[in-house]
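K.L.:
My questions will all concern the structure given below.
Structural data, given as structure tokens:
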């Protein structure tokens, strides 16, 4: 809107000046023809006199064409400036996008590092809990073996305790990476906890 107002203010001398100039020249030529050469006597001469109106409209059309060309030149200049600004905005947006992508990449790397650390922390915590559990199983099983009861009960407890102790040792070896393909069932070790509680 402001550009149109500026443009109309810039071109108002052409809008007003060119038609006035053309009307002035046409009036001068009419005056020159009538007053200096005399008023035409015949009808065809008078018709030729008003044929000069044709030159008036041709001149006005030519003036309009000139003003239109000047306005078009200004419009093309404004479009070129807008394209330059749009390109600068696009380049700035591209730079910001690159910065955002770099920051996102760093954030992803930090998140992955944190996940690895948490995974290691959970592994260490689980490993420590299993070591504590293994130690408690050893104490419990040794206590079961040494309990004085009847001979049959003691033999049965001794066999059960040795079986549990062997499974517990195998499980610890598995945790330490010595037996990867062991195929242990963790439910067997949960049964140890259940029998210990009874």
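Numbering (my numbering), first residue to last: 1194 to 1391.
Ideal Cβ positions, reconstructed from N, Cα and C, are used throughout, including at glycine.
Counting Cβ pairs, one atom from each stretch, are 3 or more of them under 8 angstroms apart for the stretch 1213-1221 and the stretch 1248-1255?
P.N.:
Taking 8 angstroms as the limit for Cβ pairs, the verdict is that the stretch 1248-1255 does touch the stretch 1213-1221.
K.L.:
Out of 1362, 1297, 1211, 1253, which has the shortest C-alpha to C-alpha gap to residue 1324?
P.N.:
The shortest C-alpha separation from residue 1324 is found at 1362.
K.L.:
Given a cut-off of 8 angstroms, decide if residue 1211 and residue 1184 are closer than it, judged by their beta-carbon atoms.
P.N.:
For residue 1184 there is no data in the structure shown, the boundaries of the chain being 1194 and 1391.
K.L.:
Below 7 angstroms CB to CB, which residues in the same chain sit around residue 1314 once its five sequence neighbours on both sides are set aside?
P.N.:
Closer than 7 angstroms at the Cβ level, and outside the excluded window around residue 1314, lies no residue.
K.L.:
Give a yes or no on whether the C-beta atoms belonging to residue 1263 and residue 1228 are separated by under 8 angstroms.
P.N.:
The answer is no: Cβ separation not under 8 angstroms.
K.L.:
If you draw a straight line from the alpha carbon of residue 1194 to that of residue 1209, how long is it in whole angstroms?
P.N.:
Below a pLDDT of 50, predicted positions are generally treated as unreliable, and residue 1194, at 48, falls in that range; no measurement from the model is reported.
K.L.:
Measure the C-alpha to C-alpha separation of residue 1322 and residue 1288 and round it to an integer number of angstroms.
P.N.:
Distance between the alpha carbons of residue 1322 and residue 1288 is about 51 angstroms.
K.L.:
Identify which residue in 1223, 1257, 1292, 1225 has its Cα closest to the Cα of residue 1205.
P.N.:
For residue 1205, the nearest C-alpha among the options comes from 1257.
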